[in-house]
Amino acid sequence: MKIDLWFSELQNEDVKFGVRLKSHLFSKESKYQKIDIFDTEFFGRVMSLDGCFMITDRDEFMYQEMLSHPGMCSHPGPRRVLIIGGGDGGVAREVLRYPVERVDLVEIDEEVINAAKAYLPNLSVSFKDPRLKVHNQDAFEFVDRDGTYDLILVDSTDPIGFAASLFSEVFYMKAKKLLGKDGIIVTQAGSPFMNPEFLRKAYRGLSKFFKNVKPYLSFVPSYPSGMWSYIIASDSPINRKGEFTGKYYNSSIYESSFSLPQFITDLLKED
């Protein structure tokens, strides 16, 4: 018999999203946030940070693939990749499917990585790859270093608290200095339906530093509204140069994901 125990995310003051639990596997208050891992009836294992869904077994591939592969397939030959956040290991897992030479992952909260290694093996498998180097530090400070990357993927929590600086114009300026020829940055940009200002602010910020800035969309059922946005930016033309087929991503999805509903097009034109 199923137990009547639920976990709910308060998506705004009027909307909740809930899942029936099997068990509460892990809970810890780190220096930065509260980390929980649940086993659920429908979504499998779920990681939440400060009460917000971050990852579920059932739909994680939709988010991980769509943050990773459009950027990887838009670059003519990605070899060095920087991941900002991504402590569950999922984005790194997708990037490491390519013949990259080195991936730097900057996750401020080591406890997120430890929890993923203990409870989310399908994602954290990436931490076993010798090409992946983990840095437990503030990414805003990390991007002050010297170095060159082909691709920067910003897999951060939403722009509040300690993560707010990762969506600032100063961060975008610093990140651009780390990009080499044909360099690309991709960031998650939240739900354009539930939090449109997040997308608009990120789009305008990136547009100040890059010639080509293109928002795109995917479906992630466990995220607020199910509609999720991302932005890819580069000084080089953005088009598909590589091929990859995953569980969600394919060449057709690459092309169609840049087709935006009119309300988003209008949002990005607003002053």
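Start counting at 1 in the sequence shown, then tack on 836, and there's your number in this note's numbering.
Ideal Cβ positions, reconstructed from N, Cα and C, are used throughout, including at glycine.
- Boundaries around residue 940 are those of the beta strand (DSSP E), 938 to 942, since no alpha helix (DSSP H) includes it.
- Counting only unbroken stretches of 4 or more residues, the alpha helix (DSSP H) elements lying wholly within the segment 903 to 977 are 926 to 931, 946 to 955, 957 to 960, in sequence order.
- Shortest Cα-Cα distance from residue 1078 to any of 993, 966, 913 involves 913.
- 905 is the residue among 848, 905, 873 whose C-alpha sits nearest the C-alpha of residue 1024.
- When secondary structure is reduced to three states using DSSP, residue 865 falls in the strand class.
- For residue 898, the three-state secondary structure derived from DSSP is helix.
- For residue 1011, no beta strand (DSSP E) run applies; the uninterrupted alpha helix (DSSP H) run containing it begins and ends at 1005 to 1014, by DSSP.
- Proximity to residue 1037 across 983, 966, 1000, 909 peaks at 1000, based on C-alpha coordinates.
- Around residue 1084, the same chain offers 897, 898, 901 as residues with beta carbons nearer than 6 angstroms, after the five sequence neighbours per side are excluded.
- The segment 922 to 929 makes contact with the segment 948 to 962, as at least three CB pairs between them are under 8 angstroms.
- Distance from residue 916 to residue 986 at the Cβ level is roughly 5 angstroms; contact confirmed, criterion being Cβ atoms closer than 8 angstroms.
- Less than 7 angstroms separates the beta-carbon of residue 857 from that of residue 874.
- The DSSP assignment places 1032 to 1043 as complete runs of the alpha helix (DSSP H) inside the segment 1011 to 1085, in order along the chain (cut-off: 4 residues).
- Two segments are said to touch when three or more pairs of C-beta atoms, one from each, lie closer than 8 angstroms; by this definition the segment 1066 to 1078 does not touch the segment 869 to 887.
- Taking a C-beta distance under 7 angstroms as the contact criterion, residue 863 and residue 852 do not qualify as a contact pair.
- About 13 angstroms separates the CB atoms of residue 1012 and residue 980; that is not less than 8 angstroms, and the two are not in contact.
- Across the structure, residue 1076 and residue 1095 are spaced so that their CA atoms are roughly 15 angstroms apart.
- Across the structure, residue 919 and residue 837 are spaced so that their CA atoms are roughly 42 angstroms apart.
- Sorting 855, 910, 849, 850 by C-alpha distance to the C-alpha of residue 1048 places 910 at the top.
- Judged by beta-carbon spacing, residue 1042 lies beyond the 7 angstroms limit of residue 1090, meaning their Cβ atoms are not closer than that value.
- By the criterion of a C-beta distance shorter than 7 angstroms, residue 983 is surrounded in its chain by 1014, once the five residues flanking it on both sides are discounted.
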